[in-house]
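First comes the structure, then the notes that go with it.
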Amino acid sequence: ATGGIAASGGGSYSDGACTLTLTSSAVTSCVAAGGDTADAGGFHARSSCSLTLTNSAVSSCIARGGERADGGGFFVEFYCTLTLTISAVSSCVATGGSIAEAGGLYLESGEVKFTNGSSVRNCTATVGKTLVIKAGTITYVFPTLAGYWLPQVECRVYRESCPTGTPAAEEQCRAQRDACSQLPDDIDGSAPSGCAPSAAVQPCPWKSDESLLLKPIYLVPNEPLNEDLPFACVPGYVGSPSQLEQRSPFCAGPCPGGAFCPTDATTTPIVCPAGSFCPLGTSVPRSCPSATFSNETG
Numbered sequence: 004a005t006g007g008i009a010a011s012g013g014g015s016y017s018d019g020a021c022t023l024t025l026t027s028s029a030v031t032s033c034v035a036a037g038g039d040t041a042d043a044g045g046f047h048a049r050s051s052c053s054l055t056l057t058n059s060a061v062s063s064c065i066a067r068g069g070e071r072a073d074g075g076g077f078f079v080e081f082y083c084t085l086t087l088t089i090s091a092v093s094s095c096v097a098t099g100g101s102i103a104e105a106g107g108l109y110l111e112s113g114e115v116k117f118t119n120g121s122s123v124r125n126c127t128a129t130v131g132k133t134l135v136i137k138a139g140t141i142t143y144v145f146p147t148l149a150g151y152w153l154p155q156v157e158c159r160v161y162r163e164s165c166p167t168g169t170p171a172a173e174e175q176c177r178a179q180r181d182a183c184s185q186l187p188d189d190i191d192g193s194a195p196s197g198c199a200p201s202a203a204v205q206p207c208p209w210k211s212d213e214s215l216l217l218k219p220i221y222l223v224p225n226e227p228l229n230e231d232l233p234f235a236c237v238p239g240y241v242g243s244p245s246q247l248e249q250r251s252p253f254c255a256g257p258c259p260g261g262a263f264c265p266t267d268a269t270t271t272p273i274v275c276p277a278g279s280f281c282p283l284g285t286s287v288p289r290s291c292p293s294a295t296f297s298n299e300t301g
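Numbering-wise (this note's numbering), the sequence shown opens with residue 4 and increments by one.
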């Protein structure tokens with residue numbers, strides 16, 4: 004997509020109440036190039052549309068503007084939804100003469116959901132290499148890929164404090180608090196029977212997507228992100244496919260003694276070579292001290 008002043012959606016431009024679904028697709032090397040501004044080297048979801056990618060890849064897309072560029076991979080706005088399932092956004096770029104934001108994904112408004120190990124990696128921009136959120140929400144639903152992690156909470160309904168009244172009514176409300184946190188509001192917005200109303204601030208966007216309830220999630224903060232999403236387990240630690248071991252930077256724990264974990268996102272420790280030793284948490288094998296020798300591995 005090329006424009007003398009502005010360009011948008013090098014791969015796809017969706018505007019209006021529309022639905023676009025891609026399965027087992029590869030979108031690569033798309034470009035939006037504008038003399039002044041450029042949005043979305045890959046996909047621009049502009050107004051009340053739904054975009055879903057499953058088992059797909061978006062790579063090496065570029066938003067290139069003479070002055071400003073936003074969203075090398077995606078630009079989402081005006082109540083659109085974007086769902087990435089088993090999909091990867093990689094090596095996308097936003098480049099502008101003065102301002103360049105969100106190499107991977109720019110969210111002006113709307114909702115984005117990552118599921119089943121989807122990721123944004125190796126993207127580039129002056130601000131927010133991976134993504135920028137102006138308004139709306141980006142939710143990551145576990146699991147991640149093995150070898151990666153994110154902070155994790157369980158999506159539940161936050162409800163107001165139990166109303167004062169008779170002791171029996173208050174006790175019943177407190178007894179049902181856990182059950183009520185698992186139930187969405189009724190279709191008219193009222194609380195389920197015996198539950199307090201939902202609070203104004205919620206920890207996850209269950210009101211627009213009830214399928215999130217009780218799932219382990221990470222709600223991406225509304226600030227530029229310059230790290231890949233999700234975060235890689237660091238060298239010296241072991242990654243795991245278990246959701247429980249994907250919720251902290253310690254991942255599945257230090258690399259076991261007798262082996263080393265040399266790279267980010269290591270999932271299979273490597274046996275320590277002969278002539279070296281590898282204590283717990285080793286990323287690089289250590290040579291045996293002078294005047295000592297070992298011809299054993301591990």
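C-beta atoms are modelled at their ideal positions from N, C-alpha and C, and glycine is treated no differently. Model, not experiment: these values are computed from the prediction.
If you run the structure through DSSP and keep just helix, strand and coil, what is Ala194? Secondary structure at Ala194: coil, using DSSP grouped into helix, strand and coil.
How would you call Leu87, buried or exposed, if buried means at least 16 neighbouring beta carbons within 10 angstroms? buried
Assuming Gly181 is part of the alpha helix (DSSP H), what are its boundary residues? It should be noted that the sequence gives Asp, not Gly, for residue 181. Taken as a continuous stretch (DSSP letters only), the alpha helix (DSSP H) holding Asp181 covers Arg180 to Cys183.
From Val160 to Leu216, what does the alpha carbon distance come to, in whole angstroms? 8 Å
Alpha carbon of Cys275 to alpha carbon of Tyr240, nearest angstrom: 15 Å
Is Glu226 close to chain C, meaning its C-beta is less than 8 Å from at least one C-beta of that chain? Among the chains in the structure shown there is no chain C, since it carries only a single protein chain.
Using the DSSP secondary-structure output, state which residues sit across from Thr147 in a beta bridge. The partner list for Thr147 (beta bridge, DSSP) is empty, contrary to what the question assumes.
Alpha carbon to alpha carbon, how far is Ser53 from Cys281? 50 Å
Please name the residue, chosen from Gly100, Trp209 and Gly106, that lies closest to Asp188 on a Cα-to-Cα basis. Trp209
Under the rule that 16 or more other beta-carbon atoms within 10 Å means buried, what is Phe117, buried or exposed? It is buried - the Cβ of Phe117 has at least 16 other Cβ atoms within 10 Å.
Compare the C-alpha of Gln249 against each of Phe145, Pro238, Pro292 and Gly284 and name the closest. Phe145
Contact between the region 116–131 and the region 171–184: three or more CB pairs below 8 Å? No, the region 116–131 is not in contact with the region 171–184.
Please say whether Ser63 and Cys95 have beta carbons closer to each other than 8 Å? yes
Please identify the residue among Gln185, Val237 and Gly197 whose C-alpha is closest to the C-alpha of Cys165. Gly197
Between the alpha carbons of Lys137 and Val61, how many angstroms are there, rounded? 22 Å
Which same chain residues, not among the five before or five after Val92, have their C-beta less than 6 Å away from its C-beta? Val61, Gly76, Gly107 and Val123
If contacts are defined as beta-carbon pairs under 8 Å, then Asp73 and Ala48 qualify, I think. What distance do you get, rounded to the angstrom? Contact doesn't hold; Cβ gap of about 13 Å is too wide.
Local conformation of Ser122 per DSSP, three classes: strand
Tell me Glu174's beta-bridge partners as DSSP assigns them. DSSP lists no partner for Glu174.
To the nearest angstrom, report how far apart Ala268 and Gly242 are at their CA atoms. 6 Å
Got a sec, what are the start and stop residues for the beta strand (DSSP E) Arg49 sits in? Phe46 to Ser50
My parser needs the alpha helix (DSSP H) runs of 4 or more residues fully inside the region 45–105; what are they? none
Under three-state DSSP, which class holds Ser214? It is helical.
Could you give the first and the last residue of the continuous beta strand (DSSP E) run that contains Pro219? Pro219 to Leu222
Quick check: what's the CA-CA separation for Gly13 versus Asp231? 23 Å
Ala10, enclosing beta strand (DSSP E) - first and last residue: Ala9 to Ser11
Spatial neighbours of Leu134 within its chain, please: CB distance less than 6 Å, with the 5 preceding and 5 following residues excluded, ordered by chain position. Ala105, Gly107, Leu108 and Leu228
When you compare each of Ala10, Leu222, Gly113 and Leu110 to Glu70 by their alpha carbons, which one comes out closest? Minimum Cα-Cα distance from Glu70 among the listed residues Ala10, Leu222, Gly113 and Leu110 corresponds to Ala10.
Which residues DSSP lists as bridging Glu157, in chain order: Pro219
Do the CB positions of Ser15 and Ser59 come within less than 8 Å of each other? no
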